[in-house]
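Student: I have a structure here, written as C-alpha cells, and I will follow up with some questions on it.
Number of protein chains: 6
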Amino acid sequence: MIRLSPPGYRRLEQARTFDVFVGGAELNTAVCLVRLGRSSAWVSRLTRNALGLIVANHVRETGVSTEHILWTDEDRVGLYFVEFGGAPRASSVVYDRRHSAMANLRPGMIDWPAVLAGTRWFHVTGITAALGQNVAETTREALQAAERAGVKVSIDLNYRAKLWSTEDACRWMGEFMKHCDVLITTEEDLERVFRIKGMTIEDAAADLETVAITLRENPLVWRNTWTGVAYHAGQLCRTRSYEVEIVDRLGAGDSFAAGLIHGLLDHDLQKGLDYGVAASALKHTVPGDFAWINRDDVEALLKGQGLRIVR
Amino acid sequence: MIRLSPPGYRRLEQARTFDVFVGGAELNTAVCLVRLGRSSAWVSRLTRNALGLIVANHVRETGVSTEHILWTDEDRVGLYFVEFGGAPRASSVVYDRRHSAMANLRPGMIDWPAVLAGTRWFHVTGITAALGQNVAETTREALQAAERAGVKVSIDLNYRAKLWSTEDACRWMGEFMKHCDVLITTEEDLERVFRIKGMTIEDAAADLETVAITLRENPLVWRNTWTGVAYHAGQLCRTRSYEVEIVDRLGAGDSFAAGLIHGLLDHDLQKGLDYGVAASALKHTVPGDFAWINRDDVEALLKGQGLRIVR
Amino acid sequence: MIRLSPPGYRRLEQARTFDVFVGGAELNTAVCLVRLGRSSAWVSRLTRNALGLIVANHVRETGVSTEHILWTDEDRVGLYFVEFGGAPRASSVVYDRRHSAMANLRPGMIDWPAVLAGTRWFHVTGITAALGQNVAETTREALQAAERAGVKVSIDLNYRAKLWSTEDACRWMGEFMKHCDVLITTEEDLERVFRIKGMTIEDAAADLETVAITLRENPLVWRNTWTGVAYHAGQLCRTRSYEVEIVDRLGAGDSFAAGLIHGLLDHDLQKGLDYGVAASALKHTVPGDFAWINRDDVEALLKGQGLRIVR
Amino acid sequence: MIRLSPPGYRRLEQARTFDVFVGGAELNTAVCLVRLGRSSAWVSRLTRNALGLIVANHVRETGVSTEHILWTDEDRVGLYFVEFGGAPRASSVVYDRRHSAMANLRPGMIDWPAVLAGTRWFHVTGITAALGQNVAETTREALQAAERAGVKVSIDLNYRAKLWSTEDACRWMGEFMKHCDVLITTEEDLERVFRIKGMTIEDAAADLETVAITLRENPLVWRNTWTGVAYHAGQLCRTRSYEVEIVDRLGAGDSFAAGLIHGLLDHDLQKGLDYGVAASALKHTVPGDFAWINRDDVEALLKGQGLRIVR
Amino acid sequence: MIRLSPPGYRRLEQARTFDVFVGGAELNTAVCLVRLGRSSAWVSRLTRNALGLIVANHVRETGVSTEHILWTDEDRVGLYFVEFGGAPRASSVVYDRRHSAMANLRPGMIDWPAVLAGTRWFHVTGITAALGQNVAETTREALQAAERAGVKVSIDLNYRAKLWSTEDACRWMGEFMKHCDVLITTEEDLERVFRIKGMTIEDAAADLETVAITLRENPLVWRNTWTGVAYHAGQLCRTRSYEVEIVDRLGAGDSFAAGLIHGLLDHDLQKGLDYGVAASALKHTVPGDFAWINRDDVEALLKGQGLRIVR
Amino acid sequence: MIRLSPPGYRRLEQARTFDVFVGGAELNTAVCLVRLGRSSAWVSRLTRNALGLIVANHVRETGVSTEHILWTDEDRVGLYFVEFGGAPRASSVVYDRRHSAMANLRPGMIDWPAVLAGTRWFHVTGITAALGQNVAETTREALQAAERAGVKVSIDLNYRAKLWSTEDACRWMGEFMKHCDVLITTEEDLERVFRIKGMTIEDAAADLETVAITLRENPLVWRNTWTGVAYHAGQLCRTRSYEVEIVDRLGAGDSFAAGLIHGLLDHDLQKGLDYGVAASALKHTVPGDFAWINRDDVEALLKGQGLRIVR
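Chains as they are written, first to last, in my numbering: chain P, 173 to 483; chain U, 173 to 483; chain W, 173 to 483; chain Y, 173 to 483; chain C, 173 to 483; chain G, 173 to 483.
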C-alpha cells in the first residue's frame with residue numbers, strides 16, 4: 173500500500189501536503205529481514221500504473237525481491253492515510269484499500285509451490301485475510317502449500333477492527349493456526365479475537381510450536397515502554413524493556429516479527445525475541461513503515477550502546 | 173475529488189510528497205462563479221470520513237455552498253493523481269475514482285426540485301456522466317428536472333478517454349443535449365465524440381441555443397495561446413487571444429464555463445465569452461483546480477492591464 | 173489575525189519560512205463551537221486586501237459564518253508571530269496588530285442589535301479590549317446590547333502583558349463583568365489583574381453566575397497537565413486531568429470556552445466543563461489556533477478512548 | 173523590510189507558507205555593491221524585536237555594514253507581501269509598511285555628517301521619500317548633507333503608485349534632483365511622474381550630470397528583454413540586450429544602480445552601464461531581493477560566457 | 173555520487189536545504205537502459221557508510237544491479253553540488269569527489285572477466301578517466317578485458333574542464349578509442365579535446381564503427397532544441413528535433429547513450445538514435461540525474477503523442 | 173564545516189533533503205559569545221568556492237568577524253552529516269572532513285601575533301587537534317603565541333572517537349594543557365582520554381587555573397538533565413540543573429564554553445558557570461549548531477522565567 177500522512181502532527185483534515193511512504197504488514201517484515209542480513213521476497217498483487225510502480229520501486233530500494241509480484245492492469249493500488257497524534261489524541265488511520273488488486277486476489281492466481289521453492293520461512297498476517305473472503309481463502313491456500321513444502325510458517329494476528337469483525341477474525345485465524353508454527357500477537361488481540369476472557373499466552377500456545385507477544389505500555393503517545401515475551405515448549409522467554417521515544421510506530425510489530433524469524437531461522441528463540449524487540453524498538457524512531465535500520469544498529473543496542481551522540 | 177500531485181515537476185513515480193488540492197469539473201465552475209461575485213452551490217455525494225471533510229472544507233473556504241452535499245458512510249472519496257510535465261513530456265493524470273460515493277450516485281438519491289428551487293442556472297459536464305451508467309441516468313434526471321423548473325442548463329462535453337469510450341460519450345451526450353441550452357467544448361472533442369469528420373461549431377449548434385468553444389494552441393507545455401469563440405443565433409463571437417504561461421492548467425476549461433455563465437446570466441454572450449476567456453487565462457497561472465482570482469483581476473485584464481509588477 | 177511561525181522549533185530570528193495560520197481569541201472559540209455541532213458567527217473588522225481575504229477564507233473553511241465581518245479599505249490586517257520552544261525556553265509571541273482594522277473599531281460601527289438577533293450566546297475576551305480605548309468602549313457597547321437583548325454573555329479574562337497594563341485590565345474587566353454571566357480565566361490571571369493576593373474563584377464568582385478556571389501544570393513545554401474547575405451557585409465542579417503532549421497550545425483556552433458554552437447552552441455546567449477540558453486537551457495536539465477536532469473525538473475521549481492507534 | 177511570498181506561484185490568498193526574504197530599494201543596491209567588491213553601509217531605522225533582528229542578520233550576512241542602523245523600541249518592522257504571477261497575471265505586491273520605524277524617521281534623528289564621513293557615494297530612492305512627509309524631509313536633509321560633504325549622490329526615481337501620488341512624487345523628486353548628480357529611472361516613470369508627455373532622457377538630464385534608464389520589454393512575465401542606456405555630457409551610451417528568464421525580478425533595478433555606481437566610482441560610465449545591466453540581468457534569476465552574485469559572474473557574462481552548464 | 177542542489181533556482185550560496193539525488197555518468201546510462209527494458213549493472217567502488225548506502229539504495233530502486241559494487245571502509249563518497257540557473261545565468265556544478273572510493277580505484281581491484289561474463293555491452297565515459305591516472309589505467313584495463321571478451325564497448329567523451337586538461341583528455345581518449353566500437357560526444361567536445369579545428373564527425377569516425385553526436389541549441393537555459401546524428405559505415409543518420417522545456421538537463425546525454433545502446437543491441441542504429449534522442453528529450457523534464465521514464469513514454473513520443481494532458 | 177541533516181528524524185539513508193547549517197566547535201563558541209554581547213572572531217582556513225562562501229556568510233550573519241579566515245583555492249570544505257534519533261536510537265554523525273582546508277592547516281600559515289593582537293581570550297578544542305598531526309602542531313603554535321601575548325587560553329577536551337585514538341588525544345591534550353588556563357570537559361572524557369580510572373576534576377585541575385565540567389544525565393534522547401560544575405583554587409562551584417527538551421544538542425557544550433568565558437572575562441567564575449549552563453540549556457532547544465539566543469534570554473532564565481508562553 174501507499175501510505176499518505178500529513179507532516180507536523182497535522183490532522184488529516186488539515187492536510188495540504190502528504191508524505192508518501194510504502195508499507196504493508198508482511199512487506200514490513202520482509203524489509204526488516206533484509207536489513208538484518210536475510211534475503212526475502214514479497215508476494216503481492218499490484219496494479220500496473222504509476223502508483224503500483226511507486227510501491228515496487230520502494231520495495232526494490234530496500235533489497236526485498238519483487239520477482240513474485242503479480243502485476244495486473246485491473247483494480248487499484250491500496251492506500252491508507254495516517255494522522256499522528258499526541259496525548260490525549262491517539263494516532264489514527266483511514267484505510268482506502270477496498271477494490272485494490274490485493275483485495276481481489278483469488279485462489280489459483282499465485283503458483284505457491286513455485287513461490288515457496290527454496291524458501292525456509294513463510295510469514296503472513298491477519299490483515300491480509302481481513303481484506304475479504306477471497307483473500308482469506310488464498311491465504312489458506314498458501315498456508316497449505318507451505319505446510320506441504322515443509323516451509324515454516326508464522327502468522328501475526330494483527331487484528332484491525334476497521335477491516336473485519338472479531339467473529340470473522342476468530343474463525344479464520346483459528347483455521348490458519350492449524351497450519352502455523354508460530355503465532356505473533358498481543359495480549360489484547362488474543363482476548364479480543366478469541367473472545368476468551370483472560371486468555372493467556374499458554375492457552376494460545378496449546379496447538380502451536382511458539383507464541384510470541386509484544387507488550388506495550390503507553391502512558392503517552394510519544395513515549396511507550398516496549399517488551400516481548402514468548403512461550404515455547406512450556407517455557408516462557410522474556411526480553412529487557414525499552415523506553416521508546418516514538419517518531420512513527422507503524423510497522424513496529426512487523427519488525428518484531430522479522431527479528432523473531434531471524435532468530436528462529438537460527439533455532440534460537442531467545443535471540444529471536446531479543447532481536448525482535450530491539451529491532452522494533454528502533455523502528456519506533458524511524459519515519460515510515462519500513463525499519464531503515466541495520467544489523468549493526470540492533471547489535472549495538474543489544475550490547476548496551478547508550479543514548480549519547482555517536483561521533 | 174482530492175487531487176494529489178508531486179511538486180517540482182517530479183513524475184508520479186518519484187513522489188515522496190504530494191500537494192493536496194480539491195477539484196472537480198462542476199465544482200471548479202461553481203468556485204469561479206463565486207469569485208466573479210455570483211452565489212453557487214455544489215451538488216455531490218461524499219463519504220463522511222476525513223477525506224470527505226477535506227473536500228467539504230476546501231469547498232466552503234471558497235464560499236461555494238455545501239448544503240446540497242449528500243453525505244454517506246459508504247463508498248470512498250474519489251482521488252486523482254497529476255504529474256506536471258514540460259515539452260516534450262505532457263502532463264498526465266491517473267484517476268482513482270471508481271467506487272467513489274459520487275460514482276455510486278443513483279437516480280432518486282437527490283431531490284432535484286428542492287436543489288433547483290430558486291436557482292437560475294444548472295451546469296454539468298460529461299465527466300460526471302462518464303463515471304457510470306447510474307450517474308449518467310442521474311444526470312439525465314437532473315437535466316429533466318431543470319427543464320421542468322425552467323432553469324437554464326449548460327453542459328461541458330469534457331471528453332475523458334480514460335473514463336469512457338467515444339461511443340458511450342456520443343450516445344449520452346446526444347441525449348443530454350436535448351435538455352440543454354448551452355454546450356461548451358473544444359473542436360477536438362466535438363470531432364472525437366460525435367465522430368463527424370470536420371464537425372463544426374455550426375453543426376453542433378443546430379439544436380442548441382449557444383455553443384462555446386475554447387481554442388488552445390500548445391506549441392509547448394509551459395506556454396499556450398488561448399482564445400474562445402461562441403455561436404449563437406447564427407452569429408459567431410470571438411475574443412482576443414492570450415499568451416499564457418502555465419502554472420497549472422487543470423480547471424481552466426471549467427473557469428471558462430463560469431465566465432460564460434456569468435455573462436449569459438446577464439444575457440450578454442460577448443461578456444460571457446470575454447469573462448470566460450480572461451478568467452480561464454488567469455486560471456492557468458494559479459496552482460490547483462480552483463480559480464483563486466477575483467472579479468477585479470478579470471476586469472483589470474479585460475481593461476488591458478499589462479505584465480509589470482502591480483505595486 | 174494572521175499568525176506566522178517558523179517550523180521545526182526555529183527561533184523567529186532563524187525564520188526562512190513561516191507557516192500561515194489564522195487565529196484570534198473569540199474566533200477560536202467560534203470555530204470550536206462549530207466543530208462541536210453549534211452554529212456560530214465571528215464579528216470583526218477586516219481590511220479588504222489579500223491578507224484580509226486569507227482571514228475570511230480560513231474562517232469560512234471551518235464553517236463559522238463570515239456575514240458579520242465589517243470590511244474596510246483602510247488600516248491593516250493584524251499579524252502575530254510565534255516561535256515554539258522547549259524547556260527551558262518558553263514559546264514566545266511578537267504581536268504586530270497595532271493600527272489593524274480591528275484596533276481601529278469604534279462604537280457605532282457595528283449594528284449590535286442586528287448582529288445579536290436570534291443569537292443565544294455572546295462571547296468576548298479581554299484581548300479585544302486590550303487593543304485600545306476605542307475597542308474597549310465598543311466591547312462595552314456590545315455587552316450592553318447583549319444584556320438588553322437577553323443574550324447570555326461569557327468573557328475570558330485572557331490577560332496579555334504585551335498589550336495592556338494590569339491597571340487598565342482591572343478597570344475595564346471590572347466594568348465588563350457587570351454585564352456578564354460567565355467569567356473564564358486562570359488563577360494566575362485572576363490574581364494578576366485584580367491585584368488581590370490569593371484571590372479565589374469564590375471571590376470572583378461573587379457577582380457572576382458562573383466562573384470557570386483552567387489549571388495548567390507545566391513542568392515542561394512539550395508536556396503539561398490540564399484540568400478545569402468551575403464555581404456556580406456555591407458549588408465547585410471539577411474535571412479529570414489530562415496529560416497533554418503539546419504540539420501547539422495556542423487557542424487551547426479558547427477551545428475550553430467553546431466546550432463550556434456548549435454545555436451551558438444545554439444548561440449543564442458539568443457537561444460544559446467536561447467538554448471544555450476535553451476539547452482543549454485535544455486542541456493542544458493540533459497545529460494552528462483552531463481546534464480541528466470533531467464532536468466524535470471529544471466524546472470518544474470522554475468515554476475513555478486510549479492512546480493506541482485507531483485502525 | 174521583511175518580504176513574505178508564497179512559494180510555487182501561489183496567490184497570496186492561497187498562502188499556507190511564506191518564504192522569508194529581506195529587501196529594500198537602497199539596501200538591495202548596497203548589497204550588490206558589496207558583491208561587486210565595494211564596501212557599503214545601510215542607513216535605516218529598525219524596531220528592536222525579533223523581526224528587526226532578522227533584517228539586521230540578513231544584511232550582515234551579505235557583508236553590508238549595519239553600524240548605521242538606528243535601533244528603536246517603538247514602531248514596527250515594515251513588511252511586504254509578493255505573489256509571483258505568469259502571463260497574463262502580473263506579479264503583485266501588498267505593502268504593510270505604514271507605522272514602521274523607517275516611516276517614522278524624522279529630520280534630526282540621524283547624524284548625517286557622521287554617517288557620510290569617509291564615504292564617496294550616497295544613494296537613495298523615491299520609495300523612501302514616498303513613506304511620508306517626515307521621511308521626505310529627512311531625505312532632503314541627507315541630500316543637503318551629502319552635497320556639503322562633497323559626496324556624490326544618485327537617486328532612483330522608483331515610482332510606486334501604491335505609496336504616493338504622481339503630484340507628490342513630482343514635487344519632491346524635483347526638489348531632490350537639485351542635490352543629485354545621477355538620476356536612475358525608466359522611461360515610463362519619467363513620463364508618469366513629471367507628467368510631460370513624451371519626456372525624454374535628454375530633458376531629464378538638463379540639470380543632472382548623468383541620467384540612466386533601464387529598458388524592459390516584457391512580452392511575458394517569465395521572460396523579458398533587458399537593456400540600459402545613459403545620457404551624460406550630451407552623449408548617449410547603451411549596452412547589449414539580455415534575454416532574461418525571470419525567477420524573481422524584485423530588486424533588479426536596484427542592482428542596476430549598484431553596477432552603475434560601481435563604474436562611476438571608477439569614472440567610467442560605460443563600465444557602470446555594462447556592469448549595471450549585467451548584474452541586474454543576473455539578479456532576475458536569483459530568488460529574493462538581494463543579488464547573490466559575484467563580480468566573477470558579472471565579468472564572465474560581460475566576456476560572453478554562454479548558457480551551457482559550468483562544470 | 174550524491175548530488176545536492178538547492179531548490180527553487182537558489183544559488184548554492186543561498187542554500188538552506190539541499191535536494192538529494194544520486195547520479196553519475198555511467199550509472200545514469202545503466203538506469204535508462206533498465207527503464208527501456210534492458211537489464212544492466214553498475215560497476216563502481218563505494219565507501220560503506222550511510223552515504224554509500226544512499227547511493228546503493230537509489231541504484232537498487234531503479235532496478236539496476238548493485239552486485240558489482242566494490243565496497244570499502246576507506247575513502248569517502250563523492251559529492252557534487254548543482255545550482256540551477258536561468259538566462260543569462262547558466263547552471264553550474266561544484267565537484268567534491270576527490271579522494272572518493274571511486275577516485276582511488278586501481279587496476280587489479282575489479283575482476284573484469286567476472287564482471288563482463290554474460291554481458292553484451294560495456295559503457296564508460298571520459299569523466300571516469302578524468303578522476304586520476306589510476307582510474308584512467310583501470311578504465312584501460314576494463315576496455316582491454318571487454319575487447320578480449322568480445323563485449324561491445326561504447327565511450328562517451330564527456331569532457332569536464334573542472335576535472336582534467338584537454339591534453340590529458342586527448343591522450344587518454346585517443347588510447348581508449350582503440351578499444352571502442354562506439355563514440356558518443358558533442359561537436360564542441362570533439363573540437364576541444366582533439367584540438368583539431370573544425371574536426372568533423374567523419375574524422376572522428378575514421379577508426380570507429382559508429383560515432384554519435386547530440387546537438388544542443390540553447391538560446392535559453394529553460395528551453396533548448398535537441399537533436400542527434402550518427403555516422404556509421406560512411407552514412408549519416410539523423411533524428412527529428414525536439415523543443416525541450418528544461419526541468420533538469422543533467423544526465424540527458426547519458427540517457428541518449430542508453431537509447432543508442434538499446435538500438436545497437438538490436439543492430440539498428442536509426443532505432444538507437446531515435447530512442448536515444450527521445451529518451452534524453454524526456455529526461456530534460458525529469459528532476460534528478462536519472463531518467464524516470466518508461467519505454468511506453470518513449471514510444472508514445474516517437475509515435476507523435478502531443479502536449480495535451482493525458483487523461 | 174557545513175552540516176547536513178535530514179529533517180523529521182529521518183535516518184541518513186532515508187534523506188531526500190538535507191537541512192543546511194554551519195557549525196564547528198570553536199566557531200559555535202565564538203557565535204555564542206557575540207550573542208552574549210562580546211565581540212569575537214573565528215580563525216580558520218577555507219576553500220574559496222560556493223561552499224566556503226556559505227560558511228563565511230553564515231558566520232557573518234551572526235556577527236562573528238570573518239577577517240581572520242585564511243582563504244585558499246585548494247582542498248575542500250569540511251562537511252558533516254547528522255541524523256537525529258529518539259530513544260533507544262542515539263543521534264549519530266558521519267564526518268566528511270578529511271582533506272579539508274582546515275585539515276591541511278600547517279604551522280606558519282597563520283600570523284598568530286597579528287591574530288591575537290588586542291584579544292583577551294583564545295579558545296580551542298581537541299577536535300581541531302584531532303584533524304591531524306599538522307593541525308595539532310599549529311594548535312601548539314597558537315597556544316604558545318597566546319601564552320607569549322598574555323592572552324588567556326581555554327581548551328575544550330571534546331574527545332571524538334571517530335577522529336583520533338585516546339592515546340593521541342592524551343599525548344596532545346597533555347601537552348596543550350601546559351599552555352592553558354582553563355580546561356572544559358566532561359567526566360566521561362576525562363577518564364577516557366587520560367585513562368586514569370576514576371580521574372576526578374580535582375586531579376585534572378592540578379596544573380590548571382580552572383577546570384569546568386558539564387554533567388548530562390540522559391535517560392532519553394529528547395530529554396536530559398543538564399548541570400555544570402567548576403573547580404578553581406581548591407573550590408568547587410556548581411549550578412542549578414535544567415530539565416531540557418532537546419531539539420538539537422549539537423553545539424551545546426560549545427555554548428557552555430562561551431558562557432564560561434563570558435563570566436571569566438569579568439573575573440567571575442560563578443557567573444561564567446551560570447551563564448554557561450543557562451546558555452547551553454537554551455541551545456538544546458535551537459536548531460543548528462549556533463546558539464541563536466540573546467543575552468536577555470539567558471538572563472530571564474537565570475532570573476527564573478517559567479515555561480508559559482511569553483506574550
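By construction, the Cβ of each residue, glycine as well, lies at the ideal position given by its N, Cα and C atoms.
Starting from LEU176(W), follow its DSSP beta bridges and name the residues at the other end.
Tutor: Answer is VAL192(W), PHE253(W).
Student: What does THR189(Y) touch in chain W if you count any residue whose Cβ is under 9 Å from its own?
Tutor: PRO179, THR189, PHE190, ASP191, VAL192
Student: What are the boundary residues of the beta strand (DSSP E) that ILE241(P) is part of?
Tutor: It spans 241-244 - the beta strand (DSSP E) in which ILE241(P) sits, taken as one unbroken run.
Student: For SER452(U), I'd like the list of residues in its chain whose CB is within less than 6 Å of its CB, leaving aside the five on either flank, ordered along the chain.
Tutor: ALA424, SER427, PHE428
Student: Which residues of chain U have a Cβ atom closer than 8 Å to the Cβ of ASN200(W), listed in chain order?
Tutor: The premise fails here: ASN200(W) is roughly 17 Å from chain U at the closest Cβ pair, so nothing lies under 8 Å.
Student: So the beta strand (DSSP E) THR357(P) belongs to, where does it begin and stop?
Tutor: 354-357
Student: Of all the options ASN306(P), VAL393(P), ALA463(P), ASP438(P), which has the alpha carbon lying nearest to the alpha carbon of TRP293(P)?
Tutor: For the residues ASN306(P), VAL393(P), ALA463(P), ASP438(P), the minimum Cα distance to TRP293(P) belongs to ASP438(P).
Student: Let me check one thing: in DSSP terms, what residues is VAL403(W) bridge-paired to?
Tutor: Looking at the sequence itself, residue 403(W) is Tyr, so the reference to Val does not match. Paired residue(s): VAL383(W), LEU408(W).
Student: State whether the segment 310-329 of chain W contacts the segment 342-357 of chain W, with contact taken as three or more CB pairs (one from each stretch) at a distance under 8 Å.
Tutor: yes
Student: Kindly list, in the order they appear in chain W, the residues whose Cβ is closer than 8 Å to that of ALA302(G).
Tutor: Under the 8 Å cutoff, chain W gives no residues; its nearest Cβ is about 29 Å from ALA302(G).
Student: Here's a check: name, in chain order, each residue in its chain whose Cβ is nearer than 8 Å to the Cβ of ARG395(U), leaving out the five neighbours to either side.
Tutor: GLU415, VAL416, GLU417, ILE418
Student: Any C-beta of chain P sitting closer than 8 Å to the C-beta of THR411(W)?
Tutor: no
Student: Chain C beta carbons: is any one of them nearer than 8 Å to that of GLU185(U)?
Tutor: yes
Student: Can you tell which of GLY280(W), ARG270(W), VAL323(W), ASP446(W) has the C-alpha that lies nearest to the C-alpha of VAL296(W)?
Tutor: VAL323(W)
Student: Quick one: what does DSSP say ASN396(C) is sitting in, helix, strand or coil?
Tutor: It is a strand residue.
Student: In chain Y, what lies closer than 7 Å to SER452(C) by C-beta?
Tutor: What SER452(C) touches in chain Y: nothing, since even the nearest Cβ is about 15 Å away.
Student: Is it buried or exposed for ASP268(W), if we count other Cβ within 10 angstroms and need 16 for buried?
Tutor: buried
Student: Does VAL227(P) come within less than 8 Å of chain G when only Cβ atoms are used?
Tutor: False, the Cβ-Cβ gap to chain G never drops below 8 Å.
Student: Can you tell me which of the three DSSP states SER427(G) falls into?
Tutor: SER427(G): helix per DSSP, three-state reduction.
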